[in-house]
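Residue numbers (numbering that gives the first Met the number 0): 0 to 273. What follows is one structure encoded as structure tokens, with my remarks underneath.
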Amino acid sequence: MTFFLSGPYLYPGDHRTDYKPPYKKPGASDIGWGDTANILGRTKVLREAIAEGHEIGTHANGHFCGATGIGRWTTAQWTAELSAFDQMVRTGPSLAAGKTVEPPFDPATVKGMRTPCLEGDRPAYRLAMAQRGMLYDASAPGYIAWPKKADGLWNFPLESVTLAGTAKKTLTMDYNLWFAQTQARKAPLAQAPALKAQVLATYRQALAKSRASGNPPLFLGNHFNRWNNSVYSDALTAFVTETCTQPDVRCVSNMELASWLAKYGVPRGPRQPS
Numbered sequence: 000m001t002f003f004l005s006g007p008y009l010y011p012g013d014h015r016t017d018y019k020p021p022y023k024k025p026g027a028s029d030i031g032w033g034d035t036a037n038i039l040g041r042t043k044v045l046r047e048a049i050a051e052g053h054e055i056g057t058h059a060n061g062h063f064c065g066a067t068g069i070g071r072w073t074t075a076q077w078t079a080e081l082s083a084f085d086q087m088v089r090t091g092p093s094l095a096a097g098k099t100v101e102p103p104f105d106p107a108t109v110k111g112m113r114t115p116c117l118e119g120d121r122p123a124y125r126l127a128m129a130q131r132g133m134l135y136d137a138s139a140p141g142y143i144a145w146p147k148k149a150d151g152l153w154n155f156p157l158e159s160v161t162l163a164g165t166a167k168k169t170l171t172m173d174y175n176l177w178f179a180q181t182q183a184r185k186a187p188l189a190q191a192p193a194l195k196a197q198v199l200a201t202y203r204q205a206l207a208k209s210r211a212s213g214n215p216p217l218f219l220g221n222h223f224n225r226w227n228n229s230v231y232s233d234a235l236t237a238f239v240t241e242t243c244t245q246p247d248v249r250c251v252s253n254m255e256l257a258s259w260l261a262k263y264g265v266p267r268g269p270r271q272p273s
């Protein structure tokens, strides 16, 4: 799996003014900041995830969406944002602990980004990414198809699919599914089994479409939130459990996919995973 980390989750709030985002006051963040216990706990979990073979990407820092957010940022401002992420990863755990703590990973190993709210001037931030050797962008909406490069990076989209049993279109992200089902409002607990079944059917439908169109990858996004009584995380867990052991399926990180594409190229016809 690939986990997209926001820098403030590893950085203590009493040092927040070290972060100077564009058009905002120093220390601004729409997702808050870490505290000692959370930061050290997350550091441990991140190390464990990497040891298990998972990948860490960046979700940038302050999570500024909408008209006053990241859509206005230039390449230079994105470069500063990514450098701030590096600093938070490298120094946040030590600042939180009050003593030297090894960072959970080397930020130089981060090769992909998903922008907050999937927003941003794509040529501007992709140039900043490319200049630091990053390989893929996971921010743009798209369709079930083999990835292509845009602005020098692989474009790994959240894909537009049909919500099972309806004509509604939604992206393959838990928040979007939540909005498609209940307008992002909490449903009664009694509805959870039916909502989970619909999401699971949507994922199965998307996999069938992939198989029928040359086996392009599915990109499934999840915030590990408990929206609608955790039906989205539960449905994703069920789908991964039943799918990843199937002989024609490989469940991989985005970086593993990028490496596979670098080795084999984009298939011209149906290709089985290898």
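Just so it is clear, CB atoms sit at the ideal spot from N, CA and C, and this is done for glycine as well.
Shortest Cα-Cα distance from Ala200 to any of Ala127, Asp233 and Trp72 involves Asp233. In this structure, DSSP gives Tyr124 a helical state, which the three-state scheme calls helix. Annotation: the region 7-61 contains the following complete segments of the beta strand (DSSP E) (minimum length 3 residues), in chain order: 54-57. In terms of Cα proximity to Lys147, the closest of Leu45, Gln197 and Leu260 is Leu260. By the Cβ criterion, the region 144-160 is in contact with the region 248-264, since at least three pairs of Cβ atoms, one from each stretch, lie closer than 8 angstroms.
The continuous beta strand (DSSP E) containing Ala149 extends over residues Lys147 to Ala149.
Following the DSSP letters along the chain, one finds Leu81 inside the alpha helix (DSSP H) bounded by residues Thr74 to Ala96. With at least 16 other beta carbons inside 10 angstroms of its own, Ser28 counts as buried. Only buried fits Asp173, as 16 or more other CB atoms lie within 10 angstroms of its CB. Of all C-beta pairs linking the region 180-195 to the region 123-130, fewer than three are shorter than 8 angstroms, placing the two stretches out of contact.
Nearest to Leu4 by alpha-carbon distance, out of Val198, Thr240, Val109 and Tyr263, is Val109. Leu45 has its alpha-carbon roughly 21 angstroms from the corresponding atom of Val239. Close CB contacts of Pro20 within its chain, under the 6 angstroms cut and outside five residues either way in sequence, are with Ala27 and Gly61 (chain order).
Spatial neighbours of Thr169 in its own chain (CB-CB distance under 6 angstroms, excluding positions within 5 residues in sequence) are listed in chain order as Leu162, Asn175, Leu176 and Ala179. Restricting attention to alpha helix (DSSP H) runs no shorter than 4 residues, the region 186-246 encloses them at 191-211 and 226-242, ordered along the chain.
Classified as buried, His58 has 16 or more neighbouring CB atoms from the shown chains inside 10 Å of its CB.
Residue pairing by DSSP puts Met172 in a beta bridge opposite Gly220. The beta carbon of Gly6 lies closer than 6 angstroms to those of Asn60, Phe84 and Met87 in the same chain, with the five residues before and after it left out. Going by DSSP, Glu118 is part of no beta strand (DSSP E) at all; its letter is neither H nor E. Residue state for Phe3 is assigned as strand, using DSSP reduced to three classes.
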